[in-house]
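Line by line, the protein sequences give chains B and W.
For the first sequence, the working numbering begins at 39 and goes up steadily by one.
For the second sequence, the working numbering begins at 3 and goes up steadily by one.
Below is one structure, written out as structure tokens; the observations come after it.
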Amino acid sequence: MVEQTVRIISNERDTDLYFRVVVRAPQIAPLAQPGQFVHLRILPLKHALLRRPFSIFQVSGDTLSILYKTIGEGTEVLSRMGPNEELNMIGPLGHGFNVPKPGGEVPLLVAGGYGMAAFYMLAQRSPQKGVAFVGGRRRVDILCEEEFRSLGWEVRVTTEDGSYGENGLVTHTLSAELSKRMPGRKLFACGPTPMLKAVGKLAAEFDLPAELSLDEHMGCGIGVCLACVVPIKTNDGWEYQRTCTEGPVFDSRQVAWEAVK
Amino acid sequence: MNLSVKIGSLTLQNPVTVASGTFGYGVEYSQLVDLNQLGAVVVKGIRLGPVRGNPTPRTVEVTSGLINAIGLQGPGVDGFIRKYWPFLKELKVPTIINIWGTTVEEYAEVARRFDALGGVGALELNVSCPNIKEGGAQFGTDVKLLSQVVAACRKATKLPLITKMSPNVVSIAPYAQAAEAAGSDALSIMNSFPAMAIDIETRKPRLANVTGGLTGPCIKPIAIKLVWEAAKAVKIPIIGMGGIQTASDAIEFFLAGATAIAVGTANFYEPQTALQIIEGLRQYLEENNIQDIHELIGRVQIGN
């Protein structure tokens, strides 16, 4: 974990409300592991105090990129920043995905919208290429499809409005695939909580291991404020653990879904 | 130049501490901040047993502030001693342990346990958390209960006692005086302000707990006024806190009457804040040719 001021190299629109920002972060980029995140202080934001957490999308040498959606004041302000402007970054943070071992499980990735961003490094580093199931409301919510294909992955797209790929929810497509009951697979999921919950259910139903990247309102990002907690099973019930420190990635069997609203 | 101050029998190398609940148990920040530069590390509130805390969402950002309702999640006395004390006891700077309970007896028992531990710098009595149903603010907003809690802890330990005051009172003076009379060595002024935010789309409160405690720069002017009022009412030192982000903010608190200060919410977004403030204080004293931080304490000029 390092705190450093980073300089923006580029910050460009991807599709619709999605942007990609690339920064030079020589102390942080080389440490990044799949599924980890960075906590950004967007310096022009004056009246909103907190940092914003973002999955690490791609790393190349001493640069690091983030694929984000403009969903509020912080990301709006970020989207208007340009090359040579500075951000303050703490990272890499959190406990990411366990990359499958050579000859180990075949990964099936399940992404909702910009959840896809959290998977790029995993797809890159996994010795077994698998299938990425990508879902979104509309065609513009389907991100970096070609980049995953060029890593040698199969990509299956689902949109809720049927404007691209299969029509419906990503978990329906996934469920159909899991029904083939091919051995040696493992699920990895990142997206909205209802999707994660559905993936957790499918994992239980088909008796597959699954790692889920969970999301909660975050304060400090390094484990002190206890804002971003999720209920995780213990020997005698459950306790709140921090998505920023013990997570964001948890084994789906550990999540106490009955305590998630 | 002297930056050193005393809180009861405890000497701090400088007057810059951190606010309970914003700095975990110190270890979390140790990769980013040189903890040994601080005046003291103040840990999150601990009661006798472990506490699960409130459901999420636990925080909501508001203009220049943050409302939280964490609910004092924590490991309890034994968990703290097992998990965090081995790290904290090796620090060169004192650890101040924030404690709470749901009864006067529990406060005293926790105080006794930490007294027996040895090596603790001071205890801060949290009688002012707005986010738990039992304990917390009920003790800080009733002069009689406040006196009982402080007196019981005073009996239980020789460690310096700091009472962390609730801002949610008509006048802070009688509470400050009650804590002083019952044996408190210092006051922390103050805890967060009860607050609420609503999502106008869903019409639901932003926090699962409905209400929470407001902190951050937006509360600073109110905190300054409370420190100023309490400083006039008591002789014991005051640790001032509320929205401090810069050395200038800290100096306002000293002028209002604080002997030390605590950085709170700013730790969440800028972990270096406390260290930057120590450096800024040194610069300010040097530029103004002031030899001792005590020359600032309570020196607000009212009238001519």
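From the three backbone atoms N, C-alpha and C, an ideal C-beta is built for every residue, glycine too.
From a predicted model like this one, the values you see are computed outputs, not experimental measurements.
Cβ neighbours of residue 138/W in the same chain (closer than 8 angstroms, five flanking residues each side left out): 74, 102, 128, 129, 130, 131 and 132
Of all the CB atoms in chain W, is at least one closer than 7 angstroms to the CB of residue 278/B? yes
Name the two residues that bound the continuous alpha helix (DSSP H) containing residue 219/B. Careful: residue 219/B lies outside any alpha helix (DSSP H) and carries neither H nor E.
Should residue 265/B and residue 61/W be called a contact, given that it needs their Cβ atoms to be closer than 7 angstroms? yes
State yes or no: is the beta carbon of residue 72/W nearer than 7 angstroms to at least one beta carbon in chain B? yes
Residue 242/B to residue 293/B, Cα distance in whole Å? 12 angstroms
Are the CB atoms of residue 216/W and residue 195/W nearer to each other than 7 angstroms? In this structure, residue 195/W lies closer than 7 angstroms to residue 216/W by Cβ.
Looking at chain B, which residues of the segment 193 to 227 of chain W have a Cβ within less than 7 angstroms of any of its Cβ atoms? 218
Pair within 7 angstroms by beta-carbon distance, residue 181/W and residue 123/W: Remark: C-beta atoms of residue 181/W and residue 123/W do not approach each other more closely than 7 angstroms.
Distance check for residue 179/B and residue 74/B, CA to CA, integer angstroms please. Straight through space, the alpha carbons of residue 179/B and residue 74/B are spaced by roughly 22 angstroms.
Please list the residues of the segment 10 to 25 of chain W that have a C-beta atom closer than 8 angstroms to any C-beta atom in chain B, keeping them in chain order. 23, 24 and 25
Would you say residue 173/B and residue 200/B are within 7 angstroms of each other, going by their C-beta atoms? no
For residue 70/W: DSSP bridge partner residues: 61/W and 215/W
Where residue 79/B meets chain W, residues with beta-carbon distance less than 8 angstroms: Within chain W, the residues near residue 79/B are 271 and 272.
Assign residue 51/B to one of three DSSP states: helix, strand, or coil. strand
If contact means a Cβ-Cβ distance below 9 angstroms, which residues of the segment 254 to 268 of chain W contact chain B? 267 and 268
So, using beta-carbon positions, are residue 263/W and residue 190/W closer together than 7 angstroms? no
Could you tell me if residue 81/B is buried or exposed, where buried requires 16 or more neighbouring beta carbons within 10 angstroms of its beta carbon? exposed
Which chain W residues sit within Cβ distance under 7 angstroms of residue 89/B? For a Cβ distance threshold of 7 angstroms, residue set 271 of chain W lies close to residue 89/B, ordered along the chain.
For residue 52/W, which residues from the same chain have a beta carbon less than 7 angstroms from its beta carbon, with the 5 sequence-adjacent residues on both sides left out? 76, 77, 78 and 81
Does the segment 85 to 93 of chain B come within contact of the segment 103 to 119 of chain B, defined as at least 3 CB pairs closer than 8 angstroms? Short answer: they touch.
Is the CB of residue 33/W under 7 angstroms away from at least one CB in chain B? yes
Report the residue ranges of all alpha helix (DSSP H) runs contained in full by the segment 136 to 179 of chain B; include only those spanning at least 4 residues, in chain order. Listed in chain order, the complete alpha helix (DSSP H) runs (minimum 4 residues) inside the segment 136 to 179 of chain B are 158 to 163.
Taking 7 angstroms as the threshold (beta carbon to beta carbon), is residue 160/B in contact with chain W? no
N- and C-terminal bounds of the alpha helix (DSSP H) containing residue 108/W: For residue 108/W, the enclosing alpha helix (DSSP H) begins and ends at 106 to 119.
Residue 133/B by DSSP, collapsed to three states: which one? When secondary structure is reduced to three states using DSSP, residue 133/B falls in the strand class.
Element boundaries [beta strand (DSSP E), containing residue 42/W]: Where residue 42/W is concerned, there is no enclosing beta strand (DSSP E), given that its DSSP letter is neither H nor E.
Simplified DSSP assignment, three categories, for residue 188/B: Note: residue 188/B maps to helix in three-state DSSP.
May I ask you to list the residues that DSSP assigns as paired with residue 106/B? 57/B
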